[in-house]
Amino acid sequence: MALLLVPPGRELAFLHPLPVRRLWGVGAITADKLHAHGIETVADVAELSESMLASLVGGAMGGRLYALSRNVDPRRVSTGVRRRSVGAQRALGRAGNTMSPAEIDAVVIGLIDRIATRMRAAGRTGRTVTLRLRFNDFGRATRSRTLPWATSSTQTILATARRLVAAAAPLIAERGLTLVGFGVSEIDRSGAEQLMLPFIAQTEPAAVDAAVDRVRRRYGKSALTRGVSPASGRCPRSAATPAWRCRTCRTEP
């Protein structure tokens, strides 16, 4: 994805050389009508009166093209688009074909930790956890599970993610794995989280998440990472690098 900056005062210089198909609402049929009269660019449209454009493409479209070709757009700018999901993914490349279940689990831990941290920072909770896989043959598969309540707990989301990966293990073994990703959807923007009985059992994971978030806010995101079994020999932040050589978190097994 890239951004193009049009300097203030240079809008018409940017618009006028563009083909008419680049104007909002101009499809193939409307473009053919304009082309039949030698109108190829936005500059050509801007040279015509509104009444002339109306006679060519109709009153409503003519008025719209007249305004747009002069850099006048009456549409409101919407800034309140709601995020429908929070996700992260990791491309594994050829290394994914030789990764053990423990090594894949290290990747899962890193992804879920990242997702849950972002959700808590934004004050969001979610209910549906979706697993996305890409295989050696470039095929893809998704699996999802919906929780009975919305949450941003790393432990809860991670447990669900691990169940999804375990269910897909035969498919991974058969077709190889080159990418794994997760998304949490059915987002609650209020950040509300249903407490479940017994309440005491719910406090420890929440306290751990809160403590980790505080440390990272103060010392940086790489100050703490989720623990991974030394048997995996890999760091959750760098799935293809042995932990003792990882330049990201500089940990040792």
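If you count the sequence shown from 1, you need to add 9 to reach the numbering used here. Cβ coordinates follow ideal geometry from the N, Cα and C atoms, glycine included. Please read these numbers as outputs of a predicted model, since none were measured by experiment.
- Look at Ser60 here: in three-state DSSP terms it is helix.
- Residue pairing of Ala100 in beta bridges, as defined by DSSP: Leu188.
- Shown here, Thr134 sits in a strand according to DSSP, grouped into three states.
- Judged by their CB atoms, Thr163 and Val138 are not nearer to each other than the 8 Å cut-off.
- For Ala52, the CB contacts under 6 Å within the same chain, skipping 5 residues up- and downstream, are His25 in chain order.
- The alpha-carbon of Ala175 is positioned some 49 Å away from that of Ala37.
- Rounded to the nearest whole angstrom, the C-alpha separation of Arg123 and Trp33 is 38 Å.
- Pairing Gly119 with Ser194 gives a Cβ-Cβ distance that is not under 8 Å.
- In this structure Thr151 is exposed. Its beta-carbon is surrounded by fewer than 16 other beta-carbon atoms within 10 angstroms.
- Leu43 carries a helical assignment under DSSP once its states are collapsed to helix, strand and coil.
- Between Arg79 and Ala55, the C-beta gap is smaller than 8 Å, which places the two residues in contact.
- Taking each of Ala76, Gly72, Arg184 in turn and checking the Cα distance to Thr107, the smallest one comes out for Arg184.
- Taken through DSSP and simplified to helix, strand or coil, Asp197 comes out as strand.
- Excluding the 5 residues flanking it on each side, Phe144 has same chain C-beta neighbours closer than 6 Å at Arg184, Gly185, in chain order.
- Contact holds between the segment 57-73 and the segment 39-49, because three or more Cβ pairs, one in each stretch, are under 8 Å apart.
- Per DSSP, Ala177 lies in no beta strand (DSSP E) segment and is marked neither H nor E.
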